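Student: So in numbering that gives the first Met the number 0, the last spot in the sequence shown is 498, and the numbers never skip.
Note that CB positions come from ideal geometry on N, CA and C, so glycine has one too.
No experiment lies behind these values; they were computed from the predicted model shown.
To start, I am sharing the structure in question, which I have written as structure tokens.
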Amino acid sequence: MKRSSGVLMHISSLPNDQGIGSFGKEAYDFVDFLVETGQSYWQILPLTTTSYGDSPYASYSAFAGNTDFINLNALVEDGYLVKTDLEEVDFGGNSEKVDFEQVQAKRRPLLEKAVKAFIAKKGLEKESYKKFVETNDDWLIPFSQFMSLKEIFNQKPWFDWSDEYRFFTPENVNVYLEKEEERVNYHLITQYWFSKQWDALKTYANQNHISIIGDIPIYIAYDSVEMWQSPEMFKVDENHVPTAVSGTPPDGFSDEGQYWGNPIYDWEQMETNNFDWWIRRIKQNLTLYDYVRLDHFRGFEAYWEIPFGAASAKEGKWVKGPDKKLFEAFNEELGEINLIAEDLGYITPEVEDLLAFTAYPGMKILQHAFTGNEDSEHMPHHFTPNTIAYVGTHDNETGFGWYLDSTNQDQRDQLDQYLSRRPGEHISDALNRGIAASVSDVAIYTMQDLLKLGNEARMNIPSTIGNNWDWRMDHRAMTIDLKEKLLGWTQTYYRMNKK
């Protein structure tokens, strides 16, 4: 990665009049904004489906896309809906927040109508759809079956289904779903539309010299097609109940640690087939994105394992992960690939050794730098070139919110002096300028920080459920003044897109 910069902005946060950002005009406008300001990267959060809590880091599938992002206007243009279908539909009354329940309730009947029109319509697109299904059948068919059964069982998790379907057998599932073709087709076709629309958007970005940075959560959800179909990949008992789940030890986010609850991989079993599932996962994600950020990179060296049902994450322990063996398999099967390590959290010499072995770019967070009166390893003068600098990630407070709510006067004085904050300069601008000036190869600004927003615009508070992931940008936000300021930093600190 050459000296450059970009913006972190998830698809759901894009502005439109349909409740949640999509792969529509608003996304193409955002690409244009990046081009106009000399950026090289658009970083997003995982594009996978969301489950309980609306988190893109807890998905029903490691491979399926979030159909909430399908642009409904494109379905009108393709003849599967008519314009009046979208008129006077209430997708939620707050343009600055996603109402996930309302959005999904209103979109489902519209997508169902479009699917019926697609099935009835003849044309070349049917061949494209058929090829999509054939190319992706290893994950697409099980996912469509899984989601169909969830609907039949009133959205209950798979572990609460009747035993006949709770324990996956292809024969039982196929026989049962023969009479549920309409449900299965819905999930097949909407996944096709997701793929078609995302491919078009990514092509537009790449043609304009914008690379997409995507994100792979290290874990998947307990209620997921992988746990249902392939329990042997996880640490489970004879009833496919997890024996251990994921989380983190007590840290700066939580005195109790974080109890994530995701099933833990059986890495020894995965090694017996040369980590085939992980290789397929990485390969698919590298068709979706130009660069892939590996979430919770330290978990590949050692992970915090918590007994299933424990009262607190404090009951967990460190367990050795696959370490270099996994990345040797990547190199052998995939060659040189564009991966980024989210090397945050409790970092040991062993994790540093693994990062050096992979040579992946790591991450630097400016919010971690200022203690108030002394040097810190997180100060920009300790940054190194093969890194990506952020003011904060989606799990942090916004820069302005952090400054107001989580720093004392000593920290503020140190920060102001270190960054040579100018009279009248907004703290968000000073922080952004700090990462722009750093030696990190790439600086990634969050859109919230570019807009000088406080914690009302925070994307996620770790260890909490509800009121997360729902921030949306105002449609008037990308002003000429903002473009000129961002372009100015990009030029001043020699981060212009090299094209």
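I want to know whether the segment 480-496 touches the segment 401-421 - three or more CB-CB distances under 8 Å.
Tutor: Contact fails: fewer than three Cβ-Cβ distances are below 8 Å.
Student: Evaluate the contact criterion for the segment 141-161 versus the segment 78-90: three or more CB pairs, one atom per stretch, below 8 Å.
Tutor: With the cut-off at 8 Å, the segment 141-161 and the segment 78-90 do not touch.
Student: Please give me, in chain order, every unbroken run of the alpha helix (DSSP H) with length at least 4 that falls completely inside the segment 335-385.
Tutor: 348-357
Student: Is the separation between the beta-carbon of aspartate 469 and that of proline 14 shorter than 8 Å?
Tutor: No, Cβ-Cβ distance for aspartate 469 and proline 14 is not below 8 Å.
Student: Name the residue from Arg280, Trp192, Phe22 whose alpha carbon lies nearest to the alpha carbon of proline 216.
Tutor: Arg280
Student: Assuming phenylalanine 326 contacts alanine 243 under a Cβ cut-off of 8 Å, what Cβ separation, rounded to an integer in Å, is found between them?
Tutor: Between alanine 243 and phenylalanine 326 the Cβ distance is about 23 Å, and since that is not below 8 Å, they are no contact.
Student: By alpha-carbon positions, which one of Arg297, Met362, Phe382, Thr383 ends up nearest to proline 348?
Tutor: Looking at the Cα atoms, Arg297 is the closest of the given residues.
Student: Three or more C-beta pairs closer than 8 Å, one from the segment 257-275 and one from the segment 194-207: is that the case here?
Tutor: no
Student: Kindly list the residues whose CB is nearer than 7 Å to the CB of valine 132, restricted to its own chain and excluding five residues on each side of it in sequence; keep chain order.
Tutor: Cβ-Cβ distances below 7 Å link valine 132 to Leu139, Leu187 in the same chain, with the five nearest sequence neighbours on each side left out; the list follows chain order.
Student: May I ask which residues mark the beginning and end of the alpha helix (DSSP H) holding glutamine 206?
Tutor: 180-206
Student: Jot down the residue ranges of each uninterrupted alpha helix (DSSP H) in the segment 121-145, minimum 4 residues, whole runs only, in chain order.
Tutor: 124-134
Student: Cβ of aspartate 440 within 8 Å of Cβ of methionine 0?
Tutor: yes
Student: Are leucine 287 and tryptophan 197 closer than 8 Å when you measure CB to CB?
Tutor: yes
Student: Along the chain, where does the alpha helix (DSSP H) that runs through isoleucine 460 open and close?
Tutor: Segment: none, isoleucine 460 is in no alpha helix (DSSP H) and carries neither H nor E.
Student: Is the beta carbon of asparagine 65 closer than 8 Å to that of serine 21?
Tutor: no
Student: With a 10 Å radius around its C-beta and 16 neighbouring C-beta atoms as the bar for buried, classify isoleucine 464 as buried or exposed.
Tutor: Residue burial annotation: isoleucine 464 is exposed, with fewer than 16 other C-beta atoms found within 10 angstroms of its C-beta.
Student: Tyrosine 345 and aspartate 250 look like a contact to me (Cβ under 8 Å); what is the Cβ gap, rounded to whole Å?
Tutor: 7 Å
Student: What residue from Glu170, Pro169, Arg182, Val174 has the CA that sits closest to serine 147's CA?
Tutor: Closest in C-alpha terms to serine 147, from the list Glu170, Pro169, Arg182, Val174, comes Arg182.
Student: What do you reckon, are the CB atoms on glycine 213 and asparagine 284 nearer than 8 Å?
Tutor: With a cutoff of 8 Å on beta-carbon distance, glycine 213 and asparagine 284 are scored as near each other.
Student: To the nearest angstrom, how far is it from the Cα of proline 108 to the Cα of aspartate 294?
Tutor: Rounded to the nearest whole angstrom, the C-alpha separation of proline 108 and aspartate 294 is 34 Å.
Student: Identify every residue that forms a DSSP beta bridge with aspartate 214.
Tutor: In DSSP, aspartate 214 forms a bridge with Arg292.
Student: Taking the C-alpha atoms as reference points, what is the distance between aspartate 412 and threonine 406?
Tutor: Approximately 10 Å, taken between the alpha carbons.
Student: I'd like to check one pair, glycine 256 with serine 311: are the Cβ atoms closer than 8 Å?
Tutor: Contact flag set, yes.
Student: Given this structure, state the Cα-to-Cα distance separating aspartate 394 from valine 350, to the nearest angstrom.
Tutor: 21 Å
Student: Using a Cβ-Cβ cut-off of 6 Å (strictly less than) and excluding sequence neighbours within five positions of aspartate 289, which residues of its own chain qualify?
Tutor: Contacts found: Ser210, Ile211.
Student: So, at 6 Å on beta carbons, what are the nonlocal neighbours of tyrosine 402 in its own chain, with the 5 sequence-adjacent residues on each side left out?
Tutor: These residues qualify, in order along the chain: Ile426.
Student: Would you mind working out which of Ser437, Val438, Met477 sits nearest glutamine 447, comparing C-alpha positions?
Tutor: Residue Met477 is the option with its Cα nearest to glutamine 447.
Student: Note down the Cα distance separating lysine 323 from methionine 232, rounded to an integer number of angstroms.
Tutor: 19 Å
Student: Can you tell me where the beta strand (DSSP E) holding leucine 7 begins and where it ends?
Tutor: 3-7
Student: Given a cut-off of 8 Å, decide if alanine 63 and alanine 220 are closer than it, judged by their beta-carbon atoms.
Tutor: no
Student: Who are the Cβ neighbours of serine 504 in its own chain at under 6 Å, not counting the five residues just before and after it?
Tutor: Limits of the chain in this structure are 0 at one end and 498 at the other, which puts residue 504 out of reach.
Student: Excluding five sequence neighbours on each side, which residues of the same chain lie with their C-beta closer than 6 Å to the C-beta of leucine 414?
Tutor: Phe369
Student: Determine the contact status of valine 88 and asparagine 207, defining contact as a CB-CB distance below 8 Å.
Tutor: no
Student: When DSSP builds the beta bridges, which residues end up paired with glutamate 304?
Tutor: Ser245, Lys316
Student: Which one of Glu124, Gln268, Pro248 has the shortest CA to CA distance from tryptophan 303?
Tutor: Pro248
Student: Please classify arginine 475 as buried or exposed, where buried requires at least 16 neighbouring CB atoms within 10 angstroms.
Tutor: exposed
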